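Enquirer: Pasting a structure below so you can have a look.
Number of protein chains: 2
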Amino acid sequence: MNEIKLFCPASVANVSCGFDILGICLENVGDEMIIRKTNNPGVKITKIKGDNLPFENKKNVAGISAMTLVKEKNIPFGFEIEIYKGIASGSGIGSSAASSAGAVFGINKLLGSPFTKNELIKFAMEGEKLASGTLHADNVAPIILGGFTLIRCSKTLDIINLPTPKDLFITIVHPKIELKTSDSRSVLKQKVPLQKTIQQSANLASLVSGLYTNDYKLISRSLVDVIIEPSRSALIPAFDELKYAAKKKGSLGSGISGSGPSMFALSKGEKIAKNVSAEMGKVLEPLDVEYETFISKINTEGIKIIS
Amino acid sequence: MNEIKLFCPASVANVSCGFDILGICLENVGDEMIIRKTNNPGVKITKIKGDNLPFENKKNVAGISAMTLVKEKNIPFGFEIEIYKGIASGSGIGSSAASSAGAVFGINKLLGSPFTKNELIKFAMEGEKLASGTLHADNVAPIILGGFTLIRCSKTLDIINLPTPKDLFITIVHPKIELKTSDSRSVLKQKVPLQKTIQQSANLASLVSGLYTNDYKLISRSLVDVIIEPSRSALIPAFDELKYAAKKKGSLGSGISGSGPSMFALSKGEKIAKNVSAEMGKVLEPLDVEYETFISKINTEGIKIIS
């Protein structure tokens, strides 16, 4: 195999009570990438469509992730990368992670899969570090492993693939505003009241139980974030109204995707997910905010090989 | 049925990363109770063996829990309660909860089970309130439901019965020192750094995953309490040495049972649980501290009817 074409899905990190822990992989929202072997050693990004991103390896998340992988092996050839962005950067649904994960996934395939999935996550986290300043795995892990992923420890990469109830659908509403990562970070309170810590833990543990038992009602009761959302919601236009709209139309729960500005809502069944999307759209329609919405199944496979 | 004899098991609350959330029911450590119908309406405690406890309903956890239940129904007869304590009060393995839960469980049976298990938990929590000042369910829930219980919300009594991997054994080491609840409480820090909140949540969620998948290694990695234990461990004699002893002999993890002074260790298989018990005993042997140890399977049934 000398060339591979990939679908690199979007993902939702910081899922409600699972801030910095829980991520979800999406099915039909994502980028495409082509990676091909070349005679020139190293990595070269040759094409970027759909976004205005740097071609220099050190400044591009795909480039830096790919370089980190390539340095681990003595490879007598090199790789060209073409990136076709479908995920807007800064949208909060893992745009940088899709590129980072896609690059290392594709090169690994072209090399005959010498690296484990956990090693690929480690390489892709270098791209995340370039994008956000921190080595976090809660977008790249679901993209590479698929489904719901639980990061027990991001230092040791102790990551658990949770089961996905088959009727779960996700609605994404992306208000096209610029939200600086530094702002999303600066609003976070660094100390949490003990009672809220307990509540949040209990919700996350119950959510995990609900995923194992296909208990949609329990999933719904558990999708409550008492720590991060109260601080960050002020940065999202019409947050309370969007959340109310999702609830009104029967979603199981909703929250901020990643560090925003996108919001996600989980629903049982595609029909509810569509109604939720329409109702959330109605909230943004009269405002002076451009937006887009997506509906997706949960992608239990992760990155897909197109050809 | 006019009389019922019960085995009311001990329990471990505050299981490691599950402070105020996770409880476990023990198999072969507990009290016995006899409850019988009498012609005199109301509740009367007629015998208490094994401990020096008040007979007056309002001052006895079994009495107050039983009264709370009885007041809910118009019952033309009454109940006598005999309590044979096997669990030392103040040991940290749910002595008050066993009596509270036993009383309401037995009376409910004699009434033909008009109340649900969740209602029984609610009544038994009145005993817990008398004993500790707060309405907490993390001992009475595992006693009534059996196995591992997860309290998502103690206000709405949203309680989840988690699966119990069949080779799990528990070691209890009870150093016979007096530990005041007020001291156990006063050492707790009321604000938790955000990073520790995340770590604790991730561990609890992973522990739940390990219980569903019988993943003993994951259970072991997840049995880490970064919030409560660092504050409370100073109240337990030779805590670090006891924890080291448990680890050295292959336990999956250990921690403070309830608010102490007992410690628990979870192990895969009875043999390891016994070795852990012996090694922890060796730590306390040279100290001027009386102690007792128990080994138990996890009791997935809860309170048992003896006759």
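Residue numbers (our numbering), protein chains in the order written: chain A, 5 to 311; chain B, 5 to 311. Glycine included, each C-beta is placed from N, C-alpha and C at the ideal position. Only a predicted model underlies this, so the values are computations on that prediction, with no experimental measurement involved.
(1) Quick one: what does DSSP say A/K193 is sitting in, helix, strand or coil?
(2) Check the C-beta distance from B/S95 over to B/V65 and give it rounded, since I have them as a contact under 8 Å.
(3) Using a Cβ-Cβ distance cut-off of 8 Å, determine whether A/P197 contacts chain B.
(4) Once the 5 residues before and after B/E233 are set aside, which same chain residues still bring their CB inside 7 Å of it?
(5) DSSP on B/T72, reduced to helix/strand/coil?
(6) In its own chain, which residues sit with a C-beta less than 8 Å from the C-beta of B/L239, not counting the 5 before and 5 after it?
(7) Hey, how far is the Cα of B/Q204 from the Cα of B/V230?
(8) With a threshold of 8 Å between beta carbons, is A/L256 in contact with chain B?
(9) Please classify B/F268 as buried or exposed, where buried requires at least 16 neighbouring CB atoms within 10 angstroms.
(10) For the beta strand (DSSP E) containing B/K301, list its first residue and its last residue.
(11) Return the Cβ separation of A/G27 and A/A14 in integer angstroms, given the expectation that the two are a contact with Cβ distance under 8 Å.
(12) Taking the C-alpha atoms as reference points, what is the distance between B/I68 and B/I52?
(13) Using 8 Å as the limit for Cβ to Cβ distance, is B/I25 near chain A?
(14) Short of 8 Å in beta carbon distance, which residues of its chain neighbour B/E245, apart from the five on each side in sequence? Order them along the chain.
(15) Is B/T168 close to chain A? Criterion is C-beta to C-beta, closer than 8 Å.
(16) Can you say whether B/L139 is buried or exposed, counting buried as having 16 or more other CB atoms within 10 angstroms of its CB?
(17) Name, please, each residue of chain A whose Cβ falls closer than 8 Å to the Cβ of B/L2.
(18) Going by the CB atoms, is the gap between A/R156 and B/S226 shorter than 8 Å?
(19) Using only the alpha-carbon positions, how far apart do B/S103 and B/I87 sit?
(20) Starting from the Cα of B/N78, find the closest Cα among B/P45, B/F11, B/T120, B/T50 and give me that residue.
(21) Short of 8 Å Cβ to Cβ, which residues in the segment 133-165 of chain A face chain D?
(22) DSSP beta-bridge partners for A/E7?
(23) Determine, using beta carbons only, whether A/A202 comes closer than 8 Å to chain B.
(24) Do the segment 141-158 of chain A and the segment 295-307 of chain A meet, that is, are 3 or more Cβ pairs less than 8 Å apart?
(25) How is A/A101 classed by DSSP in three states: helix, strand or coil?
(26) How should A/P58 be labelled, buried or exposed, when 16 other C-beta atoms within 10 angstroms of its C-beta is the threshold for buried?
(27) Let me check understanding here. Comparing Cα to Cα, which of B/L211, B/I147, B/N18, B/L270 lies closest to B/C29?
(28) In this structure, how does DSSP classify B/V177 when only helix, strand and coil are distinguished?
(29) Please list the partners that B/R225 has in chain A, where partner means a Cβ-to-Cβ separation under 9 Å.
(30) Rank A/S235, A/G262, A/P241, A/S281 by C-alpha distance to the C-alpha of A/K251 and give the top, closest one.
Expert: The answer reads as follows:
(1) coil
(2) The distance from the Cβ of B/S95 to that of B/V65 is about 15 Å, inconsistent with a contact at the 8 Å cut-off.
(3) yes
(4) G259, I260
(5) helix
(6) L183, D187, S188, V191, G264, P265
(7) 6 Å
(8) no
(9) buried
(10) 295-301
(11) Not quite, the Cβ-Cβ distance comes to about 11 Å (not below 8 Å), so this is no contact.
(12) About 15 Å.
(13) Closer than 8 Å: yes.
(14) Cβ neighbours of B/E245 beyond the five flanking positions: V287.
(15) no
(16) exposed
(17) No answer is possible for residue 2 of chain B: it lies beyond the span of chain B, which begins at 5 and ends at 311.
(18) Using a Cβ distance threshold of 8 Å, B/S226 and A/R156 count as a contacting pair.
(19) 8 Å
(20) B/P45
(21) The chain labelled as chain D is not found among the protein chains of the depicted structure, namely A and B.
(22) A/R40
(23) One point to set straight first is that residue 202 of chain A is Ile, not Ala, in the sequence displayed. Output row for A/I202: interface = yes.
(24) yes
(25) helix
(26) exposed
(27) If we check each option's Cα against that of B/C29, B/I147 comes out closest.
(28) strand
(29) R156, C157, T160, D162
(30) A/S281
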